Every structure is written in C-alpha cells, then in structure tokens.
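Engineer:
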Amino acid sequence: MNLRDWNTPIYPHRMTTPTLAQRLAKLGIGTWAELGTLVPRTYQDRSSLPPIIRLPDDGPAVITGRIMVVNDDMSKHRVHLLKVTVADHTGPIDVVFFNQAYLKPILKIGLEVVITGKLERNPYTHIKQLLATELDVIRSVKDREQLLGCIVPIYPLTAGLYQSKIRSLIQYALDTMVPHVPDFLPPSIRERLNIMPLSMAIHTIHRPNTMEAPVHARMRLVFDEFLRYQLSLLKRRHEFKRLPTPCLLTPQSDLHDRYIQQLPYTLTNAQWQSIYDIQRDVTSGIAMNRLIQGDVGSGKTDVIVMAILMAISAGYSAVLMAPTDVLASQHYHKLSHALSAIGVDTVLLKGSLKTKAKRDTLTRLKSPQPVVAIGTHSLIQDPVDIHQVGLVVIDEQHRFGVQQRIRLAQKGNTPHCLYTTATPIPRTFMLTIYGELEKSIISEMPPGRIPATTIRMRMSQLDEVISIMSERLQQGQQVYVVYPLIEASSKLDLASAIEGHADIQSRLPQHQVGLLHGKLPVADKDRIMSQFKQGEMGVLVSTTVIEVGVDVPNATMMVIMNAERFGLSQLHQLRGRIGRGVLQSTCILVADRLSDISKKRLDAMVHTNNGFELAELDLKLRGPGEVLGVRQSGLPQFRVADLVKDEPLLVLARKVGIKMIETDPTLQHPSFVALREWVDSADYVSESGHLN
Ligand code: ADP
Ligand code: MG
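Just add 154 to the spot in the sequence shown (first one is 1) and you have this note's numbering.
1) For ARG232, which of helix, strand or coil comes out of DSSP?
2) Using the beta-carbon count (16 or more within 10 Å), is ARG559 buried or exposed?
3) Just to confirm my understanding: we take ARG412, look at its own chain, exclude 5 residues before and 5 after, and list those with CB closer than 6 Å. What are they?
4) Does GLY264 pass the burial test, meaning 16 or more other C-beta atoms within 10 Å, or should it be called exposed?
5) Check whether the segment 300-311 touches the segment 188-203, counting contact only when three or more Cβ pairs, one atom from each stretch, lie closer than 8 Å.
6) Report the rounded CA-to-CA distance for LYS389 versus VAL833, giving the unit in angstroms.
7) Where do the N-terminal and C-terminal ends of the beta strand (DSSP E) with THR218 fall, by residue?
8) If you follow the beta strand (DSSP E) that ASP290 is in, where does it begin and where does it stop?
9) Once the 5 residues before and after LEU591 are set aside, which same chain residues still bring their CB inside 8 Å of it?
10) Less than 7 Å separating the Cβ of PRO605 from some heavy atom of ligand 1?
11) Going by C-alpha to C-alpha distance, which of VAL498, LEU174, THR162, GLU770 sits closest to LEU463?
12) Closest to ASP329 by CA distance: which of MET350, ILE356, GLY271, VAL376 is it?
13) Can at least three beta-carbon pairs, one atom from the segment 712-728 and one from the segment 664-672, be found at a separation below 8 Å?
14) Classify ASP705 as helix, strand or coil using the three-state DSSP reduction.
15) Quick check: is any heavy atom of ligand 2 less than 7 Å from the C-beta of THR455?
16) Under a Cβ-count criterion, where at least 16 other Cβ atoms within 10 Å of its own Cβ denotes burial, should ALA677 be classed as buried or exposed?
17) Classify GLY555: buried if its beta carbon has 16 or more other beta carbons within 10 angstroms, exposed otherwise.
18) Do HIS570 and GLY544 have their C-beta atoms closer together than 8 Å?
19) For the segment 711-752, list the alpha helix (DSSP H) runs that are entirely contained and at least 4 residues long, ordered along the chain.
20) What are the partner residues of THR517, as DSSP defines its beta bridges?
21) Using the C-alpha atoms, what's the distance from VAL436 back to TYR470?
22) Over the uninterrupted alpha helix (DSSP H) stretch that includes LYS180, give me the two end residues.
23) With the cut-off set at 8 Å, would you say LYS593 and GLN447 are in Cβ contact?
24) Return yes when at least one heavy atom of ligand 2 lies under 7 Å from the C-beta of ASP549, else no.
25) Which residue marks the beginning of the alpha helix (DSSP H) containing ILE206, and which one marks its end?
26) If you count every other CB in all the chains shown that lies within 10 Å of the CB of GLN632, and 16 or more means buried, which is it?
27) Ignore the nearest five residues each way along the sequence and tell me which others in ASP456's own chain have a CB closer than 8 Å to its CB.
28) Residue ranges of each alpha helix (DSSP H) run of no fewer than 4 residues wholly in the segment 644-674, ordered along the chain?
29) Decide if PHE720 is buried, meaning its Cβ has at least 16 other Cβ atoms within 10 Å, or exposed.
30) Answer with buried or exposed for LEU397, where buried requires no fewer than 16 other C-beta atoms within 10 angstroms of its C-beta.
31) For a test of the three-state rule: what should DSSP assign to GLY765, helix, strand or coil?
32) I'd like the span of the alpha helix (DSSP H) that includes ASP329, first residue to last.
33) Kindly indicate which three-state DSSP category HIS370 falls into: helix, strand or coil?
34) Contact between the segment 201-211 and the segment 316-325 is defined here as three or more beta-carbon pairs at a separation below 8 Å; is this criterion met?
35) Can you give the Cα-Cα distance for VAL332 and SER353, rounded to whole angstroms?
36) Taking THR312 as the reference, which of GLU770, GLN822, PRO400, GLY182 has the closest Cα?
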C-alpha cells in the first residue's frame, strides 16, 4: 500500500455509503487516514467485568449477558422508555433505555449484549436497574474479541452514527490497511525522538493493551500533525525567504542621523537591535518578512521610522498601514512633523478625502519623488498606485486578518515587509501562524517608565472613581474612560458610552469631557484626539478605538467600565495607553457580576503588568480559537493535537522541521518521499486562506 491509498476518500468503497460519508465528515473524517487517526473520546477497561450478581448498588457499570425479556415500551410525558432484562450465569438485571426508540427493532430476546450505563434503584419498585447509555451487540466471535476482555475504545459520535458502525470500519482498516501504512518519518528520526512507528501508533490507539498505552501512541499522531503544519510553514518561509527583490535599501544619505538627532531621547539597545535586524534584511537582496514584537510603549514607532528612512534614502517610497483611523492620523501627525524637518514628504490616505484633495494625493503618490504614504486598510481595499514601493509596514498587525497581511505582501514588486505587534504573542502562536516570519523582539522599555497600578472597583463605587479622577485633573493630568464596544454595530454599547459621557460631564462640570467612538466622522475623531493631545480636554470617554497605539504621555489614569467584558489581551492593550510618561499612573477596572473566568482575568490584570504572562494566561483561559478567532488567525484546526496542552510537542516538531528544511529545503532526500507527499497534500488553505 502506498500513501495515496491511505489518503483515499472513505467513499466510494464497499464498506461505506454516501450517507455514512456525510456523517463521518461531521467528525472531520474524509479519508481512510483520517478514520484511522480518529482518537477515541475515552476508553473502557472491560478486561474483567464483574458478574451481574456482584454489581454494586450504584455508579457507572458495564454489564454483559443475554436479553431474556423485552418489555413493551411505555411512553409517558413524551419520554420514550424501553425496558429489557439481561441475565448472565449469575442472574438477571433490568436495563432501561430512555429515548432510544431506534433500538426497539434491535433488542430481541436471546441477543448477546454489552451495555454501559449507570446503576440505580427503580424509584417505584426499589429494584436495582441499569440506566443504559450505550449498547454493543455481540454477533460473532470477532465481536466478542473486540468488545469483551479488553480495553474498548469509545469514539466521538454524531447524529445517526453509532459506535458499532465506527468500530466495524476501524476494524476493517486495522485488518486491511493499517499494517501496511507507510511511515513517512524515517526510522532514524523516530528512534532519536523515541516516537512510535505510525502503524503501531494507530493500532495502539484503537487496541491498547493497557489504559496508559494510548497516551504514547497519541503523541505520535500529535507530533505528525504539528510536523506537517510546521513543514508547510517552513517550506513556505524558505520560499519567502528566497524571494529575490531588486530593492536594495542601502542608505544614500544621512537622513537617519538627522532623525535621531532631533529625538529628545536616545534609542534603547533593544530598539537598535531591531533596527540592525531590519537593516540586514533590506540590504540582502531578499525580501524582508519580519515581525517586530514589543510590549505597548516599547517604542516601536521609532523603529518603524528608521526602517522607512532606509527606503526613502535609497530612493524608494514606503507605505505605513495602521488598524484604525485614529492611529493612522496620529502616525501622520507625528511622522509628518518629524520627517518634514528632514525634508521627507508624508501623505495621509483616508476615505474621507475630498475628491480634489484626493486627486492631488494620488498624483503625488505616482510621482517619482519618494514618499511616505500612511493609511488604514483602505490602502489595500482599493489599491492605490504608488511609485516604487520599497517597504510596507503594518503597524499593530494583530488587528489585521492574516489574509490581508498576505494580500499586502503580494502587492507591488516584492517590497520589503515589516510587521509590528504589541499583543504579546504566546509561544504557541509564534510557532504556528507567525511561523513564516522572522522575528525581532524589543525586550526592554525606555528608561524611567513607572508601571501603572491597577485596582478593581464596583459600579456602586463610581463616586469614589470620580473623585480620584478629579484629583488627577486638578494636577493637570488627563484621564481616559473606556466603554466596551464588543460588536462594531452594537447600538446598546454605543448608547452606554454616550450616556456615560453625559454622566461624567455632569459630575465634572468644571472640566472638558470629550467623547470618541468609531461611528464619528474621521474629521471629528481627528479633532477630538488632537484636543485631548493638546490637553484642551481633561477626560476622554471612548469606546475601544483608542485600544492600540494612541500616545498621550500626560494621560495618567484610565477607567475601564464593564471591564469583565474585555479579553485579557485587550485590557492589557488598553492599559498600555497610560504609564507612558514619568508620572505614576492608575488603571481602575470597574466590574460587577463576575464569572469565574472574568474574575481570573481581572485578578491577573491587578497582579501583573507583564504582557507576555497575560497573553499566556489568556490563551489558557479562552483557548486559541477564541483568542485570535480561528478564522481570522489562520490557525488550522488540528484533529488530534491541542495547541495548549500539547505545546511541548509543537516545540519539538518545530525543531525537527527546522533541521530538516535547513539540510534539505525541499525534502528531496529519498527517505523523505512519503513525508514530502504528505506535507504537500496538506490543505490548510481551504480552512484559513493562510497559506495562499
Ligand atoms: P509602541 O511600541 O507602543 O508603538 P511608541 O513608539 O508609541 O510605543 O512609544 C511610546 C512612547 O515612548 C512615545 O511617547 C515615544 O516617544 C517614547 N519613546 C520611544 N522610544 C523611547 C526611548 N528610547 N526613550 C524614551 N522614550 C521613548
Ligand atoms: Mg505603536
């Protein structure tokens, strides 16, 4: 048998029907290989079942015997009840099936069965009975071998699909295919890693000798899934890496020095390290594909500017994309100010530009004079024609979908790409969705920062919150008040921000309280933001539009309303807006009615400022799908593996993958034939759009 047969669709085949194939598809099974690697939900140890007479009075039990009596079904209150008596050589017991009418034609007198369920006393007669949950029928010697005197796998099911059906299909696969399944891991690697041969692992998963045996066998399957994914990422990264580009961003002027000289501070070592990494990439002749990861406030903007200046001084334009209007405007104001001083042109691209102004902007972009174009998604949604783009920067990339990321990378003639993120990316994600990027980490904060103090309060303590705010305002400091806006379209959330704004303004009549939310026209957002920045406004009430990147060092307090409704990473992002200057900042989380999980989240916020720890905890509390959203994150859905629990295997698979690709980038070695075929047959694209 070769790998292709093992990867054959389960239908057409004499063992299956279209209906069965549909049901199996619901369990993610489309091929024999996927059936073979269906990991049981649990196992039942039936190696020595007690005879009926020795069953305990209550608790879970498995019995075996023959059906002696079948009672007519008695249906009361729409509950369907089927009662049989089963006996072995020690005596009988009553068995009750609730709402399993489909079993009626099967349960015949004389039939030999194995029934799983829960023992209890009949509430009326007080006679011991078994409340059945699962039924196995023994019709042959083979059935008996599989179902009794051994450890029996219990598979996940869907409507219309029974244990017996899955069992017989798996038995068929074990008999005819599994012994011949080719192992795509060469023995040398398996032995070094102490990993089971594939056919042995599959066999053990379904026919374990001990209750512990499946654990080791499952590891093999998990490792395979991770390795396959890592190899496709790494192969792709290898191709990415080798994507030659004519853009050599070798500086032709002293723009960099002039930019640094006008900064009121010196760059940190960590910032310099990232800048060097970038410089190495953009002068190599191979397109850069680098992610800069640094906690909020670590100074990523200056790293971006230095990268942009590499492009400009080499005669290329640069594009900077931000996730929100507010952030794009802020970047524009900051950069145009700093860059015009050194003779570099900056333009802001936004949807709201009046046609004439827009036309002028577009004309400017086409001219051969290098330019820095700043904008939001609109930059990719209706692509603008920019002359000679040498660099594309995506700031706060976690806010963009992965697909957008890729589309952008493909725009133009292979520009260098730089991504930044402040969302500390848990290691698991680093090894998966970000696997094809090079990384630089800004591991150090600018000196003199004092971490914000975080406290939790209740809505009933609002007066107290207001009086703390008022103190800060008196000292000339500024305050953010944030309301959740979970759904962009949620009218209710918006209403609470608007109401909150009115309430706070009335409690602080002598101060200017502004309101910022996503529904405002861009011009209004800009005006409000700049008023707050200038200090004309003491308090800014806002929805989460301020979440990323906004930089107002004089803001030293943040009140987060309904804090329980925010994710942990989001809370950390929000809090990153304060603690940016040299004054002690305070973050107040206002929350009532906490679930266990939200309590854990808020407690974590109170106890640590470390974004990395928080991200790891977020992943544990919510699971990977929730944290980034499976769809948008581009994470594949693993069938066996669990990204959180199996992380050590992910790390191992990554290591092994890197080594393979380093020595044999396209897996050409004869011992990798099966492996290569298997990796190439992976279809991550259809699930996520990620790999294309
Ligand atoms: P982020 O990494 O969150 O994008 P920013 O680039 O917005 O951070 O920087 C946060 C603040 O720190 C800004 O006010 C910026 O001027 C300041 N800053 C950046 N680098 C340094 C540095 N090396 N020393 C002191 N302040 C710095
Ligand atoms: Mg930033």
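Yeah, the Cβ is synthetic: ideal placement off N, Cα and C, and Gly gets one too. Quick caveat, the model's predicted, so the values are computed rather than measured.
Structural biologist: In brief:
1) The residue labelled residue 232 in the question sits at position 78 within the sequence shown. ARG232 falls in the coil class under three-state DSSP.
2) By 1-based counting over the sequence shown, the position of residue 559 is 405. Confidence at ARG559 is low in this model, with a pLDDT of 49, below 50, so the placement of that residue should be treated as unreliable; the coordinate-derived value is given next. Only buried fits ARG559, as 16 or more other CB atoms lie within 10 angstroms of its CB.
3) In the sequence shown, counting from the first residue as 1, residue 412 sits at position 258. For ARG412, same chain residues with a beta-carbon under 6 Å away, outside a window of 5 residues either side, are ILE496 in chain order.
4) Position 110 of the sequence shown, counted from the first residue, corresponds to residue 264. Classification of GLY264: exposed, given that the 10 Å Cβ count is below 16.
5) Contact holds between the segment 300-311 and the segment 188-203, because three or more Cβ pairs, one in each stretch, are under 8 Å apart.
6) Taking the first residue of the sequence shown as position 1, residue 389 is located at position 235. Taking the first residue of the sequence shown as position 1, residue 833 is located at position 679. Their backbone Cα atoms lie some 10 Å apart in a straight line.
7) Position 64 of the sequence shown, counted from the start, is the residue given in the question as residue 218. It spans 213-225 - the beta strand (DSSP E) in which THR218 sits, taken as one unbroken run.
8) Residue mapping note: residue 290 aligns to position 136 of the sequence shown, counting from 1. It spans 282-292 - the beta strand (DSSP E) in which ASP290 sits, taken as one unbroken run.
9) The count along the sequence shown starts at 1 and reaches residue 591 at position 437. Excluding sequence neighbours, LEU591 sits near ARG391, ASN443, ARG444, LEU445, TYR573.
10) Stepping through the sequence shown from its first residue, residue 605 is reached at position 451. For ligand 1, not one heavy atom lies less than 7 Å from the Cβ of PRO605.
11) Taking the first residue of the sequence shown as 1, we reach residue 463 at position 309. Per the Cα distances, VAL498.
12) Locating residue 329 in the sequence shown gives position 175, counting from the first residue. Selected option, being the one with the closest Cα: ILE356.
13) The segment 712-728 vs the segment 664-672: no contact.
14) Locating residue 705 in the sequence shown gives position 551, where the first residue counts as 1. ASP705 falls in the coil class under three-state DSSP.
15) Counted from its first residue, the sequence shown places residue 455 at position 301. Of the heavy atoms belonging to ligand 2, at least one sits nearer than 7 Å to the Cβ of THR455.
16) Numbered from its first residue, the sequence shown carries residue 677 at position 523. Sixteen is the threshold: since fewer than 16 other Cβ atoms of the shown chains lie within 10 Å of the Cβ of ALA677, the residue is exposed.
17) Along the sequence shown, read from residue 1 onward, the residue named residue 555 stands at position 401. At GLY555 the pLDDT is 49, less than 50, meaning the model places this residue with poor confidence; the figure from the coordinates comes in the next sentence. That one is buried.
18) In the sequence shown, counting from the first residue as 1, residue 570 sits at position 416. In the sequence shown, counting from the first residue as 1, residue 544 sits at position 390. Remark: C-beta atoms of HIS570 and GLY544 approach each other more closely than 8 Å.
19) The segment 711-752 contains these whole alpha helix (DSSP H) runs: 722-729.
20) In the sequence shown, counting from the first residue as 1, residue 517 sits at position 363. BP columns for THR517 are empty, so no partner.
21) For this step, residue 470 is matched to residue 316 along the sequence shown. For this step, residue 436 is matched to residue 282 along the sequence shown. Rounded to the nearest angstrom, the gap between the Cα atoms of TYR470 and VAL436 is 12 Å.
22) As a position in the sequence shown, residue 180 is number 26, starting the count at 1. It is not in any alpha helix (DSSP H) - LYS180 carries neither H nor E in the DSSP assignment.
23) Reading the sequence shown from its first residue, position 439 is the one you call residue 593. Reading the sequence shown from its first residue, position 293 is the one you call residue 447. The criterion of a C-beta distance shorter than 8 Å is satisfied by LYS593 and GLN447.
24) Looking up residue 549 in the sequence shown gives position 395. Taken from the Cβ of ASP549, at least one heavy atom of ligand 2 lies inside 7 Å.
25) Position 52 of the sequence shown holds residue 206. DSSP places ILE206 in no alpha helix (DSSP H); its state is neither H nor E.
26) As a working note, residue 632 is residue 478 in the sequence shown. Looking at its Cβ environment, which holds 16 or more other Cβ atoms inside 10 Å, GLN632 is buried.
27) By 1-based counting over the sequence shown, the position of residue 456 is 302. Counting only residues of its own chain and dropping the five nearest sequence neighbours on each side, ASP456 has a CB closer than 8 Å to the CB of LEU417, LEU421, GLN425.
28) Runs found: 645-661.
29) In the sequence shown, the residue the question calls residue 720 occupies position 566. That one is buried.
30) Counting from 1 along the sequence shown, the entry for residue 397 is found at position 243. LEU397 sits exposed, since fewer than 16 C-beta atoms from the chains shown fall within 10 Å of its C-beta.
31) Mapped onto the sequence shown, residue 765 falls at position 611. If DSSP states are grouped into helix, strand and coil, GLY765 belongs with the helices.
32) Mapped onto the sequence shown, residue 329 falls at position 175. Segment 317-330, the alpha helix (DSSP H) holding ASP329.
33) On the sequence shown, position 216 is the one that residue 370 refers to. In the structure shown, HIS370 adopts helical secondary structure according to DSSP, grouped into three states.
34) Proximity of the segment 201-211 to the segment 316-325 falls short of the contact definition, fewer than three beta-carbon pairs being nearer than 8 Å.
35) Looking up residue 332 in the sequence shown gives position 178. Looking up residue 353 in the sequence shown gives position 199. VAL332 and SER353: Cα-Cα distance of roughly 6 Å.
36) For this step, residue 312 is matched to residue 158 along the sequence shown. Of the candidates GLU770, GLN822, PRO400, GLY182, the one whose C-alpha sits nearest the C-alpha of THR312 is GLY182.
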